[in-house]
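Undergrad: Heads up, the sequence shown is in the numbering used here, so the first residue is 1324 and it goes up one at a time. Pasting a structure below so you can have a look.
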Amino acid sequence: MRDQVFISYSHNDKDWLEKLQTVLKPLIRKGVVNLWDDTRIQAGQKWREEIKTALSGAKVAVLLVSPDFLASEFIAEGELPPLLKAAAGEGLTIIWVPVRDSLFTETEIAEYQAAFDPARPLAGLSPAEVDKALVEISKKIKAATVDVRQAPKPFALSIENTDQPVRRHPPLPHPDTGEEQEPIDSANAAHTTRSTLTDILPGSWQISIQMAFPGAAGQMRLELLPNGFFRGNLMTPMGKTTVDGQWMANPMLNQIGLQGRQSNGYQVIPYGVMIQITYFDAQQIVGMSAAGEQLTWQKV
């Protein structure tokens, strides 16, 4: 069963491994993240077999990318091939972190979206910026480990006094006018939002994406077909790709999910995103992905 977060790194970057481990500690302590790296190998154990076992159990692979990482023959031949194979066919998620400037564009890693802006590697940031970046990266690791099918309902409350009306969420500003709007009430979704949400989704959408790291943005042209399939073009700082697959809406949880594949013309990788809706009307949807991206959908 794949349930581990496997960290692949060069021993010359061990300081960065330790910094990430420190930030992840609250998630590890709560059991949200099951972290594995080679520091868990004890004296006397057969280290190659331990790494092979850990690779086979990885749900998420975190790559700490640097010149030393790319120069490592063991990583290039022993760790990356099974990880890339699992990402292509077994649902493993690859999250790579630009630790230092490197020639990552000359490797397969370039086909995967970085967890932080590759133009601003961690080694070039101030200590405060490093802390902030590692927190954002840790949030993405947490999001990648969560099975959306088992995710709890958002806005769930414990209601002590049923005689009093309960506002489940503060009012949300309309993205264009700024006026306060009542939030989507998931408790009443069965008879208020189910048909509305599913009715407005089929069609063509222009999507603006504000990514989690500062200054990074993307655009997507997406067509949602009534038969449950989608296709589109995605433009990010990493380049242009095509996406296609199946979409679904969950009015009870106010979520939209896309699951399929992504291609740049010569390599195909899995593609998936779950969006939590914060506002929608007949022409616009506003939400956030599990990776922390802010998305605005505009019908065209």
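Where is the CB? At the ideal position from N, CA and C, for every residue including glycine.
Starting from the Cα of residue 1570, find the closest Cα among 1545, 1446, 1534 and give me that residue.
TA: Considering only alpha carbons, the answer is 1545.
Undergrad: At the level of alpha carbons, what is the spacing between residue 1549 and residue 1526?
TA: Cα to Cα, residue 1549 sits roughly 8 Å from residue 1526.
Undergrad: Residue 1593 lies in the beta strand (DSSP E); which residues open and close that run?
TA: Per DSSP, residue 1593 belongs to the beta strand (DSSP E) from 1591 to 1603.
Undergrad: Does the count of Cβ pairs from the stretch 1342 to 1360 and the stretch 1421 to 1437 closer than 8 Å reach three?
TA: Output reads no: the stretch 1421 to 1437 does not touch the stretch 1342 to 1360.
Undergrad: Could you compute how far the alpha carbon of residue 1608 sits from the alpha carbon of residue 1580?
TA: If you take the alpha carbons of residue 1608 and residue 1580, they lie about 13 Å apart.
Undergrad: For the stretch 1452 to 1471 and the stretch 1421 to 1428, state whether three or more C-beta atom pairs, one from each stretch, are separated by less than 8 Å.
TA: No, the stretch 1452 to 1471 is not in contact with the stretch 1421 to 1428.
Undergrad: Tell me which residues share the same chain as residue 1551 and place their Cβ nearer than 6 Å to its Cβ, disregarding the 5 neighbours each side in the sequence.
TA: Closer than 6 Å at Cβ, skipping near neighbours: 1569.
Undergrad: Only counting the same chain, and skipping five residues up and downstream in sequence, which positions put a Cβ closer than 8 Å to that of residue 1340?
TA: Cβ within range, chain order: 1330, 1332, 1360, 1362, 1387.
Undergrad: Does the separation of the CB atoms of residue 1533 and residue 1621 fall below 9 Å?
TA: No, the pair does not count as a contact, with Cβ atoms beyond the cut-off.
Undergrad: On the three-pair Cβ rule with 8 Å, is the stretch 1461 to 1470 touching the stretch 1443 to 1450?
TA: No, they do not touch.
Undergrad: Going by beta carbon distance, what residues of the same chain come within less than 8 Å of residue 1415, once the five residues before and after it are set aside?
TA: Closer than 8 Å at Cβ, skipping near neighbours: 1325, 1381, 1382, 1383, 1384, 1406, 1409.
Undergrad: Along the chain, which unbroken stretches of the beta strand (DSSP E) at least 3 residues long are found entirely within the stretch 1533 to 1583?
TA: DSSP runs (the beta strand (DSSP E)) wholly in the stretch 1533 to 1583: 1540 to 1547, 1552 to 1559, 1562 to 1573.
Undergrad: Residues in its own chain within less than 6 Å of residue 1520 by CB, not counting five upstream and five downstream?
TA: Contacts found: 1572, 1574.
Undergrad: By how many angstroms is the C-alpha of residue 1595 removed from the C-alpha of residue 1582?
TA: Distance between the alpha carbons of residue 1582 and residue 1595: 4 Å.
Undergrad: Helix, strand or coil for residue 1436? Go by DSSP, reduced to three states.
TA: In this structure, residue 1436 counts as coil in the three-state DSSP scheme.
Undergrad: Could you tell me which residues DSSP puts in a beta bridge with residue 1427?
TA: In DSSP, residue 1427 forms no bridge with anything.
Undergrad: DSSP puts residue 1458 in a beta bridge; with which residues?
TA: In DSSP, residue 1458 forms no bridge with anything.
Undergrad: Buried or exposed, going by whether 16 or more other CB atoms sit within 10 Å of the CB of residue 1392?
TA: Its Cβ being crowded by 16 or more others within 10 Å, residue 1392 is buried.
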